[in-house]
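Participant: Read in the UniProt record's numbering, the sequence shown has 170 at position 170, and its numbers run on one by one without any break. Don't be surprised by glycine CBs; every beta carbon is placed ideally from N, CA and C. Note that the structure is predicted; figures quoted are calculated from it, not measured.
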Amino acid sequence: MSITLLASKHSNFIRVVESCTIRFSFLLRHLSTEPAIPPPPRQNDDSNVEQVLQLLQIPDHEWNTTQLNHLLFSNPAPSPCLLFQIARRLPSSSQALKFLKYLQYNSPLPDTQFLSSTLQTVFELASREPGSRTNLYELYKASKEWNIPLTINSATLLIRCFGRNGLVEEFSILFDELEHSLKNTQVRNAVIRLLLRAGLVDKAFKVLDEMLRPEFDYHPDNVTGHIIFSWLMKRERLGRTDTREEIVELVLKFGKFGVFPNSIWITQMVTVLCSNGKTIKAYDLLLELMTLGAALKVAPFNALLTGLGRDKDFNRMNEVMVKMKEMDIEPDVITFGIIINHLCKFRKIDEALEVFQRMNKGQEVGGVSVEPDVVIFNTLIDGLCKVGRQEEGLGFLERFKTQKEWSPNTVTYNCLIHGFCKAGEIERGLQLFDEMNKEGIVPNVITINTLVDGMCRNGRTASAVQFLDEMQRKGLKGNAFAYASLINAFYHVNNIRKAMEIFYQMLREGFSPDAIVYYKLISGLSQARRMDDATSLLSKLKESGFHPDVSCYNDLITGFCNKNRTDKVKEMLSDMEKAGINPDSITYNTLISYCCKIGDLEVAQKIMKKMIKAGLSPTVATYGALVRAYCLDGKVDEAMKIFRDMDAASKVTSNAVMYDILIESLCNNNDVELALPLMDDMKAKGVKPNTATYNAIFKGLREKKWLKPAIELMDTMIEQACNPDYVTLEILREWLSAVGETEKLKNFVQRYEASASAT
Numbered sequence: 001m002s003i004t005l006l007a008s009k010h011s012n013f014i015r016v017v018e019s020c021t022i023r024f025s026f027l028l029r030h031l032s033t034e035p036a037i038p039p040p041p042r043q044n045d046d047s048n049v050e051q052v053l054q055l056l057q058i059p060d061h062e063w064n065t066t067q068l069n070h071l072l073f074s075n076p077a078p079s080p081c082l083l084f085q086i087a088r089r090l091p092s093s094s095q096a097l098k099f100l101k102y103l104q105y106n107s108p109l110p111d112t113q114f115l116s117s118t119l120q121t122v123f124e125l126a127s128r129e130p131g132s133r134t135n136l137y138e139l140y141k142a143s144k145e146w147n148i149p150l151t152i153n154s155a156t157l158l159i160r161c162f163g164r165n166g167l168v169e170e171f172s173i174l175f176d177e178l179e180h181s182l183k184n185t186q187v188r189n190a191v192i193r194l195l196l197r198a199g200l201v202d203k204a205f206k207v208l209d210e211m212l213r214p215e216f217d218y219h220p221d222n223v224t225g226h227i228i229f230s231w232l233m234k235r236e237r238l239g240r241t242d243t244r245e246e247i248v249e250l251v252l253k254f255g256k257f258g259v260f261p262n263s264i265w266i267t268q269m270v271t272v273l274c275s276n277g278k279t280i281k282a283y284d285l286l287l288e289l290m291t292l293g294a295a296l297k298v299a300p301f302n303a304l305l306t307g308l309g310r311d312k313d314f315n316r317m318n319e320v321m322v323k324m325k326e327m328d329i330e331p332d333v334i335t336f337g338i339i340i341n342h343l344c345k346f347r348k349i350d351e352a353l354e355v356f357q358r359m360n361k362g363q364e365v366g367g368v369s370v371e372p373d374v375v376i377f378n379t380l381i382d383g384l385c386k387v388g389r390q391e392e393g394l395g396f397l398e399r400f401k402t403q404k405e406w407s408p409n410t411v412t413y414n415c416l417i418h419g420f421c422k423a424g425e426i427e428r429g430l431q432l433f434d435e436m437n438k439e440g441i442v443p444n445v446i447t448i449n450t451l452v453d454g455m456c457r458n459g460r461t462a463s464a465v466q467f468l469d470e471m472q473r474k475g476l477k478g479n480a481f482a483y484a485s486l487i488n489a490f491y492h493v494n495n496i497r498k499a500m501e502i503f504y505q506m507l508r509e510g511f512s513p514d515a516i517v518y519y520k521l522i523s524g525l526s527q528a529r530r531m532d533d534a535t536s537l538l539s540k541l542k543e544s545g546f547h548p549d550v551s552c553y554n555d556l557i558t559g560f561c562n563k564n565r566t567d568k569v570k571e572m573l574s575d576m577e578k579a580g581i582n583p584d585s586i587t588y589n590t591l592i593s594y595c596c597k598i599g600d601l602e603v604a605q606k607i608m609k610k611m612i613k614a615g616l617s618p619t620v621a622t623y624g625a626l627v628r629a630y631c632l633d634g635k636v637d638e639a640m641k642i643f644r645d646m647d648a649a650s651k652v653t654s655n656a657v658m659y660d661i662l663i664e665s666l667c668n669n670n671d672v673e674l675a676l677p678l679m680d681d682m683k684a685k686g687v688k689p690n691t692a693t694y695n696a697i698f699k700g701l702r703e704k705k706w707l708k709p710a711i712e713l714m715d716t717m718i719e720q721a722c723n724p725d726y727v728t729l730e731i732l733r734e735w736l737s738a739v740g741e742t743e744k745l746k747n748f749v750q751r752y753e754a755s756a757s758a759t
């Protein structure tokens, strides 16, 4: 058969190969399960390769077919290695394809299996040449017509090439059409990788699920694990709860085939689980991995210990240390640092010191000693200081100084200074500050803040201001925290003027106050009735991006009520409504008290009804303000009605002040008969009358000339150790003398004097 006829028969397809316009550029990854090339050729094969290549250098229609047939088919079975070597050294895929077609039509063998490696070479050459994206797919379709089986390398090459060039449908079809024997782990890995890159997650995991079935022929290997875990561990996917569960499940499934994530990924999994409240799941995961034989390192155990420490699960922390010892996983300095840190954090300082001693003496993990680092020393010093054992912390500082590898740093001294300042030993803190400067250890902003705050908390605010100014002159500045401490200190001694000075100094230094600073200053200005300044500061607060809370509005409303600025009170209430802030009990009580003060009792009653409707219970201050207001307005009956309503419908217990107001008002209104039962009511409720109460009722009884109840109350007053004052004695002397009961008055005075001398 003529080679020219063969060429013309397939000329259309060859032109497809030769007319490619887009370059395929990638390196073929050789696979470990199948050699990239057939076994090395024999010596006589090398000679044949050279001769055949010389014959193929001329145009195909001039090939010497007789000589080619002799070189290639002199033996009954052509060597696949020989054919592979020849095709691989041809200059182009079109040349290799022509060679393949020559072999196909001239081979004496009916089986086309021996041509598979030659076809593989055609694919390799085509993938490196400029050409159409669909070129390889056309070649693949043609190979099916030629009945030439694919090698695993050919299948992998085609799948990767299709996938990288966006031919997702093509590589999916190819994979589905492959023989089962070709769908080995290696091919499946390539398919899974490309499906994931194309976003076809469900299809990728369907392929993976087959591999994870115990009865399946091709199981996952380390490459499979790398593909899956690297995809799952991407940060954007870790936030999903379902994916966290999926990761754990997959890790355990892979583990049954001896495939495990690397230490970094395991550590990341444990960290994510712990940070999302799944610490026990992380604990179970590591135990299961140990059971499956994973070669674990110390890092994931450190991550687990951090999570367990955060949960205060010290029992499991001990169990983890035991498991590490059983697995010959040596704890490192980070391990001990985590344990010591969490023990100190939860005030278990003695246990932390015990771990430190065992760490130094090598009592863990077969006597392996781990040298503490600066972090561990600082953690212990800080822990000691936080439980008031700063002297022991100083001892650690001295021990620290003897270590050749480590030296105290700024953090070390900051911990000690904070401990002494917290204990009120400011001078010791300042001594340590001087010492660290002599040692050449530079203080930082935390050092300055700690000393300033310590002085403020211990009543040495003036010294704090002087210290901060001095540090600033030396170039050591505090930050917003230091200024906030000063403002808070001046606020608590009602020195709002100085607090405002510090505030403006803070702004000049470029520090931004937080919302709490604004709240305190607005409160202080409101108490000082500097409402214009308070309003100005409210505007600054809003400009800074903060929002007033209900307490802040309450301070402003109280201030404006004290200044009788009804318009501003309404403005504040309107602001609260716009901001979605509901008034609380203090807001309502302030408004009720203000309405009572200006005599607008109708509005006060409406506000109280609105308060109850809002689900807030009126307090004794609420009722007391209304009772006082009605009494002062001469409306004692209304006051008594409010008092009885309070008694019947509220859990609020009346106090002595409310009873005094009612009793005095009733007596002044010549209704002493109504006042007397209130005295009995006070006794029943355990409310002790005071001198003012008795004086009011004595006046009322005198007006009614009810002597017997008065004498009984005189006895009660002495029994309850309520001391009469000059008003009491004046009322009784005038009245009892007039009715000839001076002996009773004398006896009352003697009993009072005897009772007073006894106490």
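Judging by CA-CA distance, which residue of 371, 409 and 370 is the nearest neighbour of residue 381?
Facilitator: Against the sequence shown, residue 381 aligns to sequence position 381. Nearest option by C-alpha distance: 409.
Participant: From residue 62 to residue 128, what distance separates their C-alpha atoms?
Facilitator: The sequence position of residue 62 within the sequence shown is 62, counting from 1. The sequence position of residue 128 within the sequence shown is 128, counting from 1. Going by the C-alpha atoms only, they are around 27 Å apart.
Participant: On the DSSP letters alone, give me the boundaries of the alpha helix (DSSP H) that residue 152 sits inside.
Facilitator: For the purposes of this step, residue 152 is taken as the residue at position 152 of the sequence shown. Element bounds for residue 152: 152–164.
Participant: Spatial neighbours of residue 424 within its chain, please: CB distance less than 6 Å, with the 5 preceding and 5 following residues excluded, ordered by chain position.
Facilitator: Along the sequence shown, one-based indexing puts residue 424 at 424. Excluding sequence neighbours, residue 424 sits near 458.
Participant: Can you tell me whether residue 670 is buried or exposed, with buried defined as 16 or more other CB within 10 angstroms of its CB?
Facilitator: Taking the first residue of the sequence shown as position 1, residue 670 is located at position 670. Exposed, by the Cβ-count rule.
Participant: If you reduce the DSSP assignment to three classes, tell me which class residue 645 lands in.
Facilitator: For the purposes of this step, residue 645 is taken as the residue at position 645 of the sequence shown. In this structure, residue 645 counts as helix in the three-state DSSP scheme.
Participant: Pull up the distance between the alpha-carbon of residue 525 and that of residue 594, whole angstroms please.
Facilitator: The sequence position of residue 525 within the sequence shown is 525, counting from 1. The sequence position of residue 594 within the sequence shown is 594, counting from 1. The alpha-carbon of residue 525 is positioned some 19 Å away from that of residue 594.
Participant: Going by C-alpha distance, which of 406, 407 and 433 is nearest residue 419?
Facilitator: By one-based count along the sequence shown, residue 419 stands at place 419. Just measuring C-alpha positions, the residue of 406, 407 and 433 sitting nearest residue 419 is 433.
Participant: Could you tell me if residue 523 is buried or exposed, where buried requires 16 or more neighbouring beta carbons within 10 angstroms of its beta carbon?
Facilitator: Mapped onto the sequence shown, residue 523 falls at position 523. Under this definition residue 523 is a buried residue.
Participant: Per DSSP, what kind of secondary structure is residue 130 in: helix, strand or coil?
Facilitator: Within the sequence shown, the letter at position 130 stands for residue 130. DSSP places residue 130 in the strand class (E or B) of the three-state scheme.
Participant: Tell me which residues share the same chain as residue 763 and place their Cβ nearer than 8 Å to its Cβ, disregarding the 5 neighbours each side in the sequence.
Facilitator: Outside the displayed span of the chain (1 to 759) sits residue 763, for which this structure offers no information.
Participant: Sorted by chain position, which residues of the same chain lie with C-beta nearer than 6 Å to residue 616's C-beta, five sequence neighbours on each side aside?
Facilitator: Numbered from its first residue, the sequence shown carries residue 616 at position 616. Same-chain partners within the cutoff: 585.
Participant: For residue 513, count neighbouring Cβ atoms within 10 angstroms of its own Cβ and tell me buried if that reaches 16, exposed if not.
Facilitator: The sequence position of residue 513 within the sequence shown is 513, counting from 1. By the neighbour-count rule (16 or more Cβ atoms within 10 Å), residue 513 is buried.
Participant: What do you reckon, are the CB atoms on residue 672 and residue 620 nearer than 8 Å?
Facilitator: As a working note, residue 672 is residue 672 in the sequence shown. As a working note, residue 620 is residue 620 in the sequence shown. Going by C-beta atoms, residue 672 is not nearer than 8 Å to residue 620.
Participant: If I'm right that residue 546 touches residue 515 with Cβ under 8 Å, what's the distance once you round it to whole angstroms?
Facilitator: Start at 1 with the first residue of the sequence shown, and residue 546 comes out as number 546. Start at 1 with the first residue of the sequence shown, and residue 515 comes out as number 515. Correct: roughly 4 Å between the Cβ atoms.
Participant: Can you name the start and end residues of the alpha helix (DSSP H) that residue 628 belongs to?
Facilitator: For this step, residue 628 is matched to residue 628 along the sequence shown. For residue 628, the uninterrupted alpha helix (DSSP H) segment begins and ends at 620–632.
Participant: For residue 547, name the three-state secondary structure that DSSP assigns.
Facilitator: If you number the sequence shown from 1, residue 547 lands on position 547. Residue 547: coil per DSSP, three-state reduction.
Participant: Run the proximity test for residue 194: is its beta-carbon closer than 7 Å to any non-hydrogen atom belonging to the ligand HEM?
Facilitator: Looking at this structure, you won't find the ligand HEM or any other ligand, since it has none at all.
Participant: Would residue 108 be called buried (16 or more neighbouring beta carbons within 10 Å of its own) or exposed?
Facilitator: Sequence index remark: in the sequence shown, residue 108 carries index 108 (1-based). When all chains shown are included, residue 108 counts as exposed.
Participant: Report the rounded CA-to-CA distance for residue 285 versus residue 319, giving the unit in angstroms.
Facilitator: The residue labelled residue 285 in the question sits at position 285 within the sequence shown. The residue labelled residue 319 in the question sits at position 319 within the sequence shown. If I take the Cα positions, the gap works out to 14 Å.
Participant: Since I believe residue 330 is in contact with residue 298 (beta carbons under 8 Å), could you give me their beta-carbon distance rounded to a whole number of angstroms?
Facilitator: Locating residue 298 in the sequence shown gives position 298, where the first residue counts as 1. Locating residue 330 in the sequence shown gives position 330, where the first residue counts as 1. Going by Cβ atoms, the distance from residue 298 to residue 330 rounds to 7 Å, so yes, they are a contact pair.
Participant: Out of 499, 102, 222 and 97, which one is the CA nearest neighbour of residue 135?
Facilitator: For the purposes of this step, residue 135 is taken as the residue at position 135 of the sequence shown. Here the closest residue by C-alpha is 97.
Participant: Taking Cβ positions, are residue 529 and residue 563 nearer each other than 8 Å?
Facilitator: Here the question's residue 529 lines up with position 529 in the sequence shown. Here the question's residue 563 lines up with position 563 in the sequence shown. Yes. Within cutoff.
Participant: Determine the DSSP secondary structure at residue 747, reduced to helix, strand or coil.
Facilitator: As a first step, residue 747 must be located in the sequence shown, where it is residue number 747. Helix, per DSSP.
Participant: By the three-class DSSP mapping on this structure, what secondary structure does residue 652 have?
Facilitator: By 1-based counting over the sequence shown, the position of residue 652 is 652. Residue 652: coil per DSSP, three-state reduction.
Participant: Whose C-beta lies closer than 6 Å to the C-beta of residue 485 among residues of the same chain, with five residues either side of it excluded?
Facilitator: Residue numbering aside, residue 485 sits at position 485 when the sequence shown is read from its first letter. Answer for residue 485: 452, 453 and 456, listed in chain order.
Participant: Compute the Euclidean distance between the alpha carbons of residue 189 and residue 248, then round it to the nearest angstrom.
Facilitator: Mapped onto the sequence shown, residue 189 falls at position 189. Mapped onto the sequence shown, residue 248 falls at position 248. Near 20 Å, if we compare the C-alpha coordinates of residue 248 and residue 189.
Participant: For residue 307, which of 275, 707 and 87 has the nearest alpha-carbon?
Facilitator: Along the sequence shown, read from residue 1 onward, the residue named residue 307 stands at position 307. With distances taken between Cα atoms, residue 307 lies closest to 275.
Participant: Could you give the DSSP three-state label for residue 686: helix, strand or coil?
Facilitator: Counting from one through the sequence shown, the residue named residue 686 turns up at place 686. Here residue 686 sits in coil by DSSP.
Participant: Measuring only the C-alpha atoms, how far is residue 101 from residue 221?
Facilitator: Here residue 101 is taken as the residue at index 101 of the sequence shown, counted from 1. Here residue 221 is taken as the residue at index 221 of the sequence shown, counted from 1. Here the alpha carbon of residue 101 sits roughly 38 Å from the alpha carbon of residue 221.
Participant: Let me know if residue 338 comes out buried or exposed under the rule of 16 or more other beta-carbons within 10 Å of its beta-carbon.
Facilitator: Indexing the sequence shown from 1 puts residue 338 at position 338. It counts as buried.
Participant: With a threshold of 16 other CB atoms inside 10 Å of the CB of residue 118, please say whether the residue is buried or exposed.
Facilitator: By one-based count along the sequence shown, residue 118 stands at place 118. Buried, because 16 or more other Cβ atoms sit within 10 Å of the Cβ of residue 118.
Participant: With a floor of 4 residues, list each alpha helix (DSSP H) that falls wholly inside the segment 508–562, ordered by position along the chain.
Facilitator: 515–527, 531–543 and 550–562
Participant: Could you tell me which of 146, 694, 715 and 731 sits nearest to residue 750, measuring between CA atoms?
Facilitator: Here residue 750 is taken as the residue at index 750 of the sequence shown, counted from 1. Of the listed residues, the one whose Cα sits closest to residue 750 is 715.
Participant: Among the residues of its own chain, which have a CB less than 6 Å from the CB of residue 328, if the five just before and after it don't count?
Facilitator: Residue mapping note: residue 328 aligns to position 328 of the sequence shown, counting from 1. Annotation for residue 328: no residue places its beta carbon closer than 6 Å to its own, counting only its chain and skipping 5 residues before and after.
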